[in-house]
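Residue numbers (my numbering): 667 to 1011. One structure is given here, and the rest of the page talks about it.
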């Protein structure tokens, strides 16, 4: 119909948002971002992207069509009137994103629901405002000021769903002045776990982050390498340190005593204990690929940190369980009977 009114609503759900349909009584771990479309009279269509295996951070993904009824009281929602053409493009992308070059393999903070939502919006010509986040003078780790820049930006500028609210707010109304344009905010969920708080807030280079001490250990080690090569620390040094923390936590390290460069420079190692240990029993090591780590933003590593910490804890628990099983088996078998020497006459 010529008088149909079309809208898109972009939702941002924070970590700890209650789930209604998928797993009633539980909450969203990392949060979520998705969109819905409406023609004003039919049931709204909902489009989101999530791993097929619930809770997985790396694996095959699929399009979810019930996020709008699954996430209770999401942090932020913005509705915008759009054209029929934009409505059609949002629907066709949401139904078959792979036809438009979107990879449906879910990869933690690197490629997730945030990427999907912005890709769908961009496909319909809906873009966020360009900006730069500038640290306040003398406060490099303190709050930053967001300065708008000319033009529009494609894709995401933040890795965590909850960090995308400002970018969604920066979108210019496709139909300025429409009475259908609206927004709604809810408070952050009250009952959030420690990890959910972290996913909502601090980064690894924030002194309030619980793993800031390990980040400082890594940063000190990276700083020594910079000094040995006559380089001043840069943003890439921060990136490398944050990547080392994530790798170290995933590998079960509890601290970083040294940071070493591999023989060919292609890898950087985080070491807990004696780096020169002959038998290796008093040493733990983790590594990162040098170029990849240098170019991985601190924000991305921070988003990956909770999963890495959980992976390291699971590995420790599995190792303990195996040790207990070995000890139990030995107890059940009883002491080993050793035959003494045979005396011959």
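Each residue gets a CB set at the ideal place from its N, CA and C atoms; glycine is no exception.
Please go through the same chain and pick out, in chain order, the residues whose beta-carbon is closer than 7 Å to the beta-carbon of residue i, but skip the five residues on each side of it.
{"i": "residue 993", "result": "none"}
{"i": "residue 899", "result": "889, 892"}
{"i": "residue 912", "result": "967, 970, 971, 974"}
{"i": "residue 738", "result": "683, 684, 686"}
{"i": "residue 757", "result": "703, 711"}
{"i": "residue 962", "result": "905, 909"}
{"i": "residue 902", "result": "960"}
Starting from the C-beta of residue i, find all residues in its chain whose C-beta is less than 8 Å away, skip the five residues before and the five after it, and write them out in chain order.
{"i": "residue 687", "result": "732, 735, 736"}
{"i": "residue 750", "result": "670, 672"}
{"i": "residue 904", "result": "871, 885, 964"}
{"i": "residue 771", "result": "725, 726, 727, 777"}
{"i": "residue 857", "result": "682, 693"}
{"i": "residue 769", "result": "777"}
{"i": "residue 877", "result": "870, 911, 915, 971, 975"}
With distance defined between alpha-carbon atoms, name the residue in the options nearest to residue i.
{"i": "residue 708", "options": "696, 965, 673", "result": "673"}
{"i": "residue 714", "options": "881, 699, 726, 951", "result": "699"}
{"i": "residue 784", "options": "883, 718, 677", "result": "677"}
{"i": "residue 696", "options": "710, 679, 704, 705", "result": "679"}
{"i": "residue 747", "options": "718, 705, 773, 895", "result": "705"}
{"i": "residue 779", "options": "856, 718, 765", "result": "718"}
{"i": "residue 922", "options": "745, 937, 915", "result": "937"}
{"i": "residue 740", "options": "928, 881, 694, 882", "result": "694"}
{"i": "residue 792", "options": "821, 766, 764, 767", "result": "821"}
{"i": "residue 849", "options": "999, 879, 835", "result": "835"}
{"i": "residue 919", "options": "944, 880, 902", "result": "880"}
{"i": "residue 827", "options": "996, 753, 854", "result": "854"}
{"i": "residue 841", "options": "681, 761, 852, 753", "result": "753"}
{"i": "residue 829", "options": "986, 681, 989", "result": "681"}
{"i": "residue 894", "options": "989, 927, 795, 690", "result": "927"}
{"i": "residue 1012", "options": "914, 990, 722, 877", "result": "Any answer about residue 1012 is impossible in this case: the structure gives the chain only from 667 up to 1011."}
Looking at the structure shown, is residue i part of a helix, part of a strand, or coil, going by DSSP?
{"i": "residue 829", "result": "helix"}
{"i": "residue 708", "result": "coil"}
{"i": "residue 723", "result": "coil"}
{"i": "residue 950", "result": "strand"}
{"i": "residue 755", "result": "helix"}
{"i": "residue 922", "result": "coil"}
{"i": "residue 808", "result": "Residue confidence for residue 808 is low, a pLDDT of 42 falling below 50, so the modelled location carries little weight and cannot support an answer."}
{"i": "residue 836", "result": "coil"}
{"i": "residue 856", "result": "coil"}
{"i": "residue 736", "result": "helix"}
{"i": "residue 994", "result": "helix"}
{"i": "residue 975", "result": "helix"}
{"i": "residue 675", "result": "strand"}
{"i": "residue 744", "result": "strand"}
{"i": "residue 763", "result": "helix"}
{"i": "residue 962", "result": "coil"}
{"i": "residue 937", "result": "strand"}
{"i": "residue 787", "result": "helix"}
{"i": "residue 729", "result": "strand"}
{"i": "residue 702", "result": "strand"}
{"i": "residue 693", "result": "strand"}
{"i": "residue 898", "result": "coil"}
{"i": "residue 780", "result": "helix"}
{"i": "residue 875", "result": "coil"}
{"i": "residue 931", "result": "coil"}
Rounded C-beta distance between residue i and residue j? I'm assuming under 8 Å.
{"i": "residue 908", "j": "residue 942", "result": "The Cβ separation is near 26 Å, so there is no contact."}
{"i": "residue 701", "j": "residue 831", "result": "14 Å between Cβ atoms; not a contact."}
{"i": "residue 789", "j": "residue 755", "result": "5 Å"}
{"i": "residue 875", "j": "residue 882", "result": "About 10 Å; that fails the 8 Å criterion."}
{"i": "residue 887", "j": "residue 924", "result": "6 Å"}
{"i": "residue 823", "j": "residue 839", "result": "Residue 823 to residue 839, Cβ: 20 Å. No contact."}
Between residue i and the rest of its own chain, which residues show a CB-CB distance below 6 Å, the 5 nearest in sequence each way excluded?
{"i": "residue 917", "result": "952"}
{"i": "residue 775", "result": "825, 966, 969, 970"}
{"i": "residue 759", "result": "766, 786, 789"}
{"i": "residue 730", "result": "714, 716"}
{"i": "residue 745", "result": "673, 675, 848"}
{"i": "residue 948", "result": "939, 940"}
{"i": "residue 782", "result": "715"}
{"i": "residue 844", "result": "747"}
{"i": "residue 723", "result": "774, 973"}
Please report whether the beta-carbon of residue i lies at a distance below 7 Å from any beta-carbon of chain D.
{"i": "residue 843", "result": "No chain D appears in this structure, which consists of one protein chain only."}
>> Using a Cβ distance threshold of 8 Å, determine whether the region 947-964 contacts the region 979-993, with at least three qualifying pairs required.
In response: no
> Should the region 947-954 be regarded as contacting the region 928-937, the criterion being three or more beta carbon pairs within less than 8 Å?
Replying inline: yes
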